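Okay, structure first, notes after.
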Amino acid sequence: MGAQPLIDTAKALMAEGKGLLAMDESMGTISSRFEKEGITNTVENRRAYRELIVTTPGIGDCLSGAILFDETVHQSTKDGIPFIEVLERAGVIPGIKVDEGAVDMAGFPGEKITRGLDNLRERLAEYRGMRLRFAKWRAVITIGKGIPSEGCIHANTHALARYAALCQEAGIVPIVEPEVLMEGDHDLETCFTVTQSVQRALFVQLEDQRVDLRGLILKPNMILPGLESATQASTDEVARATVLCLLGAVPQAVAGVAFLSGGQSPQMATEHLNAMHVQYGKLLPWPLTFSFSRAIQDPELHFWKGKPENVKEAQQILHNRMLLNDLARKGEYTPELEKEYV
Ligand code: 13P
Numbered sequence: 003m004g005a006q007p008l009i010d011t012a013k014a015l016m017a018e019g020k021g022l023l024a025m026d027e028s029m030g031t032i033s034s035r036f037e038k039e040g041i042t043n044t045v046e047n048r049r050a051y052r053e054l055i056v057t058t059p060g061i062g063d064c065l066s067g068a069i070l071f072d073e074t075v076h077q078s079t080k081d082g083i084p085f086i087e088v089l090e091r092a093g094v095i096p097g098i099k100v101d102e103g104a105v106d107m108a109g110f111p112g113e114k115i116t117r118g119l120d121n122l123r124e125r126l127a128e129y130r131g132m133r134l135r136f137a138k139w140r141a142v143i144t145i146g147k148g149i150p151s152e153g154c155i156h157a158n159t160h161a162l163a164r165y166a167a168l169c170q171e172a173g174i175v176p177i178v179e180p181e182v183l184m185e186g187d188h189d190l191e192t193c194f195t196v197t198q199s200v201q202r203a204l205f206v207q208l209e210d211q212r213v214d215l216r217g218l219i220l221k222p223n224m225i226l227p228g229l230e231s232a233t234q235a236s237t238d239e240v241a242r243a244t245v246l247c248l249l250g251a252v253p254q255a256v257a258g259v260a261f262l263s264g265g266q267s268p269q270m271a272t273e274h275l276n277a278m279h280v281q282y283g284k285l286l287p288w289p290l291t292f293s294f295s296r297a298i299q300d301p302e303l304h305f306w307k308g309k310p311e312n313v314k315e316a317q318q319i320l321h322n323r324m325l326l327n328d329l330a331r332k333g334e335y336t337p338e339l340e341k342e343y344v
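One rule links them: number in this note's numbering = place in the sequence shown (from 1) + 2.
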């Protein structure tokens with residue numbers, strides 16, 4: 003396949019005023035999120051939850067794409083319409099998480115490596131046949147005493163690049179997600195240094211693997227102090243550090259940057275994205291948007307509680323959160339809007 007369809011899909015995913023929703027929680031993750039809200043983790047509850055999301059009225063006005071989990075791409079609404087079709091009809095491009103999770107890295111205590119390259123070519127062909135047009139792979143980098151190591155950064159960025167090459171071969175746009183975790187007591191500068199070295203290593207690997215950056219989206223963490231850090235950072239400091247980090251590491255050819263939220267509160271994540279646009283929007287060589295999971299879904303999951311009678315209002319909450327992020331993506335969000343929209 004030529005490069006143009008990939009470039010077109012990547013552009014459509016980065017459409018003006020829209021962003022992505024990561025609704026691709028693995029079994030373990032959805033189980034702990036449900037447990038927190040007292041929802042039993044059954045196939046039917048997971049299906050009902052994903053139906054709530056994909057049938058949210060107006061979803062296509064807010065989202066360019068939705069990242070699904072393998073179980074979800076085989077599921078349908080209670081009226082029998084496959085979720086993939088529901089999204090397509092709403093104008094939302096369906097995508098799929100294809101990594102198989104991060105596990106302990108042999109010989110590297112405290113560090114993780116992401117699994118899933120074996121048989122990936124075959125899985126991607128199947129997913130493309132199901133009309134899934136983009137994919138996601140998450141690598142996890144931990145900051146701690148003496149870590150991350152060069153070995154961990156190398157192994158994870160190499161795997162991301164091999165995944166990206168296989169995606170493009172299959173006609174699927176890769177979203178590459180090298181997540182530097184917020185856990186820890188490190189400061190903002192440390193997050194900056196580690197994130198930038200990971201991103202630089204990633205683009206060396208992507209070039210080595212002959213990945214076409216015009217058909218690729220980067221999904222990075224924002225630059226933040228660790229959750230247990232004694233000093234927190236202002237919105238402007240986060241926006242500035244995040245943009246500077248990207249400018250020093252991400253080639254201009256990349257189709258776009260779509261952030262993960264990483265454990266920030268919904269409002270924080272929105273404020274940070276907004277500040278980047280307000281302050282630097284016109285200077286950036288690539289579009290910036292959101293690809294949040296928790297920072298979009300948490301409020302609506304908390305309200306839903308697994309109860310059918312809560313679906314309509316939960317959908318409204320979800321829609322409002324997506325709208326606020328759409329505004330942030332244009333630099334038009336203000337915290338006062340939180341009251342209006344919640
Ligand atoms: P969060 O926004 O909750 O960090 O999730 C993003 C994601 O897709 C993790 O892989």
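Glycine included, C-beta positions come from ideal geometry on N, C-alpha and C.
Remember, it's a predicted structure, so these values are computed and weren't measured experimentally.
Would you check whether ligand 1 has a heavy atom nearer than 8 Å to the C-beta of residue i?
i: ASP26; result: yes
i: ARG296; result: yes
i: LYS2; result: Because the chain here runs from 3 to 344, residue 2 falls outside it and cannot be looked at.
i: LYS99; result: yes
i: LYS221; result: yes
i: ILE69; result: yes
i: GLY40; result: no
i: SER66; result: no
i: ARG140; result: yes
i: GLU128; result: no
i: LEU303; result: no
i: SER33; result: no
i: GLY264; result: yes
i: SER293; result: yes
i: GLU181; result: yes
Just to check my reading of the structure: residue i and residue j have Cβ atoms closer than 8 Å, yes? What is that Cβ distance to the nearest angstrom?
i: LEU15; j: ILE83; result: With 8 Å as the limit, LEU15 and ILE83 do not qualify as a contact, their Cβ atoms being about 23 Å apart.
i: ALA12; j: VAL175; result: 5 Å
i: ASP106; j: GLY118; result: So it is not a contact: roughly 15 Å between Cβ atoms.
i: LEU22; j: GLY173; result: About 19 Å separates the two Cβ atoms, so there is no contact after all.
i: GLN211; j: ALA166; result: 7 Å
i: VAL196; j: VAL206; result: Their Cβ separation, rounded to whole angstroms, is 16 Å, which puts VAL196 and VAL206 out of contact at 8 Å.
i: ILE145; j: THR192; result: 6 Å
i: GLY228; j: GLY186; result: 4 Å
Keeping to the same chain, check which residues put their C-beta closer than 7 Å to that of residue i; ignore five residues upstream and five downstream.
i: PRO301; result: PRO268, ILE319 and ARG323
i: VAL280; result: GLY333
i: MET278; result: ALA241, THR244, VAL245 and LEU290
i: ILE41; result: ASN47, LYS307 and GLY308
i: GLY153; result: PHE110
i: PHE71; result: ASP26, GLU27, SER28 and LYS99
May I have the straight-line CA-CA distance separating residue i from residue j, to the nearest angstrom?
i: GLU179; j: LYS307; result: 30 Å
i: THR79; j: ARG49; result: 8 Å
i: ARG140; j: GLU340; result: 30 Å
i: THR58; j: ALA68; result: 13 Å
i: HIS188; j: GLY148; result: 12 Å
i: GLN135; j: GLU53; result: Contrary to the premise, residue 135 reads as Arg rather than Gln in this sequence. Whole-angstrom Cα-Cα distance: 20 Å.
i: LEU262; j: MET224; result: 8 Å
i: PHE292; j: LEU226; result: 16 Å
i: ARG123; j: VAL56; result: 28 Å
i: ILE61; j: HIS321; result: 7 Å
i: GLU171; j: PRO310; result: 42 Å
i: ALA92; j: THR336; result: 28 Å
i: THR31; j: LYS38; result: 11 Å
i: ALA203; j: LEU190; result: 20 Å
i: VAL213; j: ALA163; result: 7 Å
i: GLY112; j: LEU329; result: 38 Å
i: LEU325; j: VAL88; result: 20 Å
i: LEU303; j: ALA257; result: 31 Å
i: THR237; j: ILE155; result: 28 Å
i: TYR177; j: LEU208; result: Tyr is not the amino acid found at residue 177; the sequence shown has Ile there. The straight-line gap from Cα to Cα measures roughly 12 Å.
Can you give me the Cβ contacts of residue i inside the same chain, cut-off strictly under 8 Å, excluding the 5 residues immediately before and after it?
i: GLN90; result: It should be noted that the sequence gives Glu, not Gln, for residue 90. Hits under 8 Å: PRO96 and ARG133.
i: PHE305; result: ASN312, GLU315, ALA316 and ILE319
i: ALA17; result: SER66
i: GLN201; result: PRO180, LEU220, PRO222, CYS247, LEU248, ALA251 and VAL252
i: GLU128; result: none
i: ASP85; result: For clarity, residue 85 is Phe in the given sequence; the question names Asp instead. So the qualifying residues of the chain are ARG52, GLU53, VAL56, LEU70, THR74, VAL75, GLN77, SER78, THR79 and PRO96.
Considering only residues of the same chain and omitting the five flanking positions on each side of residue i, which have a CB-CB separation below 6 Å?
i: GLN254; result: PRO287
i: PHE194; result: ILE225, ALA243 and CYS247
i: PHE36; result: ASN43
i: GLN299; result: none
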